[in-house]
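Comments concern the structure below.
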Amino acid sequence: MEQKWWHKSTVYQIYPRSFHDHNGDGIGDIQGIIEKLDYLAFLGIDVIWLSPVYESPNDDNGYDISDYYRIHEEFGTMEDMEQLIKEAKKRNIHIIMDLVINHTSDEHPWFIESRKSKNNPYRDFYIWRDGRDGPPSELTSIFSGSAWEYDEETDQYYFHLFSKKQPDLNLHHKEVREHLYNMMSFWLDKGISGFRMDVIDLIGKEIDQNIIPNGPKLHEYLQEMNENVLSKYNVMTVGETPSATTEIAKQFTGPGRNELDMVFTFQHMSLDEVQGKGKWELKPLDLLDLKNTLSHWQTALHDKGWNSLYWNNHDQPRIVSRFGNDGEYRVESAKMLATVLHMMQGTPYIYQGEEIGMTNIQFDTINDYKDIETLNYYREKRDEGVPHDTIMQSIQVKGRDNARTPFQWDTEQNAGFTEGKPWIEVNPNYKAINAEASLQNKQSIFYHYKKLIELRKKLDIIVYGEYELLLKEHKEIFSYVRRYQNETLLVVANFYEEETEFRLPKEISDSNATLIISNYDDSNTHPASLTLRPYEAVVYAMKE
Numbered sequence: 033m034e035q036k037w038w039h040k041s042t043v044y045q046i047y048p049r050s051f052h053d054h055n056g057d058g059i060g061d062i063q064g065i066i067e068k069l070d071y072l073a074f075l076g077i078d079v080i081w082l083s084p085v086y087e088s089p090n091d092d093n094g095y096d097i098s099d100y101y102r103i104h105e106e107f108g109t110m111e112d113m114e115q116l117i118k119e120a121k122k123r124n125i126h127i128i129m130d131l132v133i134n135h136t137s138d139e140h141p142w143f144i145e146s147r148k149s150k151n152n153p154y155r156d157f158y159i160w161r162d163g164r165d166g167p168p169s170e171l172t173s174i175f176s177g178s179a180w181e182y183d184e185e186t187d188q189y190y191f192h193l194f195s196k197k198q199p200d201l202n203l204h205h206k207e208v209r210e211h212l213y214n215m216m217s218f219w220l221d222k223g224i225s226g227f228r229m230d231v232i233d234l235i236g237k238e239i240d241q242n243i244i245p246n247g248p249k250l251h252e253y254l255q256e257m258n259e260n261v262l263s264k265y266n267v268m269t270v271g272e273t274p275s276a277t278t279e280i281a282k283q284f285t286g287p288g289r290n291e292l293d294m295v296f297t298f299q300h301m302s303l304d305e306v307q308g309k310g311k312w313e314l315k316p317l318d319l320l321d322l323k324n325t326l327s328h329w330q331t332a333l334h335d336k337g338w339n340s341l342y343w344n345n346h347d348q349p350r351i352v353s354r355f356g357n358d359g360e361y362r363v364e365s366a367k368m369l370a371t372v373l374h375m376m377q378g379t380p381y382i383y384q385g386e387e388i389g390m391t392n393i394q395f396d397t398i399n400d401y402k403d404i405e406t407l408n409y410y411r412e413k414r415d416e417g418v419p420h421d422t423i424m425q426s427i428q429v430k431g432r433d434n435a436r437t438p439f440q441w442d443t444e445q446n447a448g449f450t451e452g453k454p455w456i457e458v459n460p461n462y463k464a465i466n467a468e469a470s471l472q473n474k475q476s477i478f479y480h481y482k483k484l485i486e487l488r489k490k491l492d493i494i495v496y497g498e499y500e501l502l503l504k505e506h507k508e509i510f511s512y513v514r515r516y517q518n519e520t521l522l523v524v525a526n527f528y529e530e531e532t533e534f535r536l537p538k539e540i541s542d543s544n545a546t547l548i549i550s551n552y553d554d555s556n557t558h559p560a561s562l563t564l565r566p567y568e569a570v571v572y573a574m575k576e
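Take 33 as the starting number for the sequence shown in the working numbering and just add one per residue.
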């Protein structure tokens with residue numbers, strides 16, 4: 033496989049609204065990020081994925097863009113953005129930005145023009161249809177309700193897969209694509225190093241055929257984007273592709289396909305929901321499902337594509353609360369989950385606060401929640417007669433605001449996030465869980481992440497080695513080996529709080545075994561036989 037700069041990189045996602053507030057208005061901003069770049073450089077990350085900072089009415093916290101060429105005043109100015117790029121480069125940190133081109137805000141000038149008349153030059157920038165005694169079809173919004181919104185001005189409906197204030201762009205219209213390519217070039221010329229592409233598998237949709245993800249022209253459009261823009265820069269791209277299977281991922285990321293560098297798979301993120309019922313219908317995680325899913329992606333894409341490795345992002349609850357133990361074993365389980373993921377092949381993503389073990393939030397009232405998806409879900413279920421407490425249970429487990437509470441910097445007021453009133457409440461556990469305390473404790477989750485990042489840079493076997501799952505049917509242990517040239521890495525992790533026994537399979541030699549990382553300070557230095565303590569994770573390097 034041709035080696036790329038991002039193969040050994042670790043990405044850190046910043047949700048700017050919640051990261052650090054410089055000017056005291058309660059909202060994180062670009063100057064706040066600049067102030068914390070040394071913290072990120074010390075952690076060792078190579079890339080910042082910056083969630084949207086474009087001008088936006090904030091119906092969906094910045095994913096509804098009204099001007100791709102302006103910075104939202106809450107976050108700062110274009111000069112601030114240019115300074116961030118410059119200061120990050122001084123620390124050898126790349127920046128990739130969110131590319132949101134499936135939809136815009138309804139306050140974008142294109143849509144304002146589009147809705148004026150059926151003959152407006154911008155009419156075909158969006159998707160308009162006549163109704164049939166109501167919406168043109170039964171298609172529904174991901175944010176609840178119909179995906180069609182009636183517009184009196186022209187007596188037609190426009191299509192929106194998300195909020196009604198997020199009309200979908202019509203990428204079948206060539207002029208739309210040309211405008212978007214110009215915008216991408218504008219940002220790449222500013223010095224950013226690529227894009228995280230929001231719901232990119234939707235841009236080829238065929239509404240009249242009820243084809244939403246993976247439309248017939250999707251790959252054609254991505255190859256056109258690559259030819260017109262991406263191939264002219266040394267960049268990294270990652271596509272958000274909720275519908276992708278491994279076969280589709282190979283099309284997106286395969287060598288010579290000239291589409292994307294990697295994609296986000298969602299299959300492992302839906303294992304704790306009732307299949308076919310959506311994310312709010314909860315069920316316990318089955319470790320066998322998780323092992324099979326992650327292992328399938330590891331083996332299917334080896335030498336045929338590239339994986340993204342993630343547990344958390346701005347749309348997902350905190351992993352230590354979700355698949356770990358955010359109480360007695362918060363530190364051990366957070367380190368275990370990090371170890372299992374970071375020893376795999378792919379580019380790892382750390383979401384802000386993951387490296388200090390931030391947890392889910394449980395707000396007392398629905399009024400404390402800010403996320404449009406959560407609020408829509410609550411209203412819809414209450415209208416159906418579902419009890420308040422039942423709905424709140426799902427929201428407290430799966431709501432997106434779990435990831436969006438302010439970063440916990442220290443024990444000062446508002447966790448050091450802001451001197452003002454934070455836009456969303458701070459998790460009250462910040463006195464115990466914060467970056468300042470983490471930096472002072474060499475056994476903290478932070479230093480475990482720092483070592484994992486260092487190991488990836490140092491050991492080619494982590495980046496390029498083959499993957500093999502061990503103990504496939506074991507209900508408590510997640511174990512696998514990586515092999516590269518004459519080296520083997522053995523990863524063994526106890527996923528639960530009960531002790532469990534590990535026996536090294538006979539076909540694996542434990543000669544010259546060296547313990548290279550663990551989440552206990554006295555783990556067994558020899559892997560032949562292990563009694564794994566709660567959430568214990570160990571990694572051994574072995575020479576053949």
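Just so you know, even glycine gets a beta-carbon here, dropped at the ideal spot from N, CA and C.
- Cβ atoms of Ile509 and Thr437 stay farther apart than 8 Å, at about 33 Å.
- The segment 319-368 is shown to contain whole alpha helix (DSSP H) runs of 4 or more residues at 319-333, 351-354, in chain order.
- Around the C-beta of Arg535, fewer than 16 other C-beta atoms lie within 10 Å, and the residue is accordingly described as exposed.
- No Cβ-Cβ contact shorter than 8 Å links Ala435 with Pro380.
- Considering only Phe355, Trp180, Asp165, Gly166, the residue with the shortest C-alpha distance to Ile159 is Trp180.
- In the structure shown, Gln45 falls within a strand segment according to DSSP collapsed to helix, strand and coil.
- Judged by DSSP in its simplified three-state form, Val85 adopts coil rather than helix or strand.
- According to DSSP, residue pairing for Gly247 in a beta bridge does not occur.
- Taking the Cα of Ile174 as reference, the smallest distance to any Cα among Met129, Pro245, Glu185, His204 is reached at Pro245.
- Per DSSP, the unbroken alpha helix (DSSP H) holding Leu484 starts and ends at 477-490.
- In this structure, DSSP gives Met301 a helical state, which the three-state scheme calls helix.
- Using a 10 angstroms sphere on the CB of Asn466, the tally of other CB atoms reaches 16 or more, which defines it as buried.
- In the DSSP assignment, Gln35 falls outside any alpha helix (DSSP H), carrying neither H nor E.
- Annotation for Gly64: the continuous alpha helix (DSSP H) segment containing it runs 62-67.
- The C-alpha of Met257 lies about 16 Å from the C-alpha of Asp221.
- In the structure shown, the three-state DSSP call for Phe74 is helix.
- DSSP places Gln384 in the coil class of the three-state scheme, outside both helix and strand.
- Here Leu69 is near Arg123, since their CB atoms are less than 8 Å apart.
- Here Gln255 is near Asn290, since their CB atoms are less than 8 Å apart.
- Between the alpha carbons of Gly177 and Asp421 lies a distance of about 22 Å.
- By DSSP's assignment, Tyr401 forms no beta bridge with any residue.
- Here the C-alpha atom of Pro559 lies approximately 16 Å from the C-alpha atom of Arg515.
- A contact between stretches requires three or more CB pairs, one per stretch, nearer than 8 Å, and the segment 367-374 fails this requirement with the segment 446-461.
- Collapsing the DSSP output to three states places Trp219 in a helix.
- When C-beta atoms of the segment 469-477 are compared with those of the segment 109-128, fewer than three pairs fall below 8 Å, so the two segments do not count as touching.
- A Cβ-Cβ distance of about 6 Å is found for the pair Val571 and Leu521, placing them in contact under the 8 Å criterion.
- CA-CA distance, Thr136 to Ile144, rounds to 11 Å.
- For Ala447, no beta strand (DSSP E) segment is defined, and its DSSP state is neither H nor E.
- In this structure, Leu171 lies away from Asp130, with their beta-carbon atoms at least 8 Å apart.
- In the three-state DSSP reduction, Arg535 falls in the strand class (E or B).
- The residue among Gln299, Asn556, Phe218 with its C-alpha nearest the C-alpha of Tyr265 is Phe218.
- The alpha-carbon separation between Asn518 and Lys413 amounts to approximately 57 Å.
- In this structure, the straight-line span from the alpha carbon of Tyr342 to that of Ile548 is close to 22 Å.
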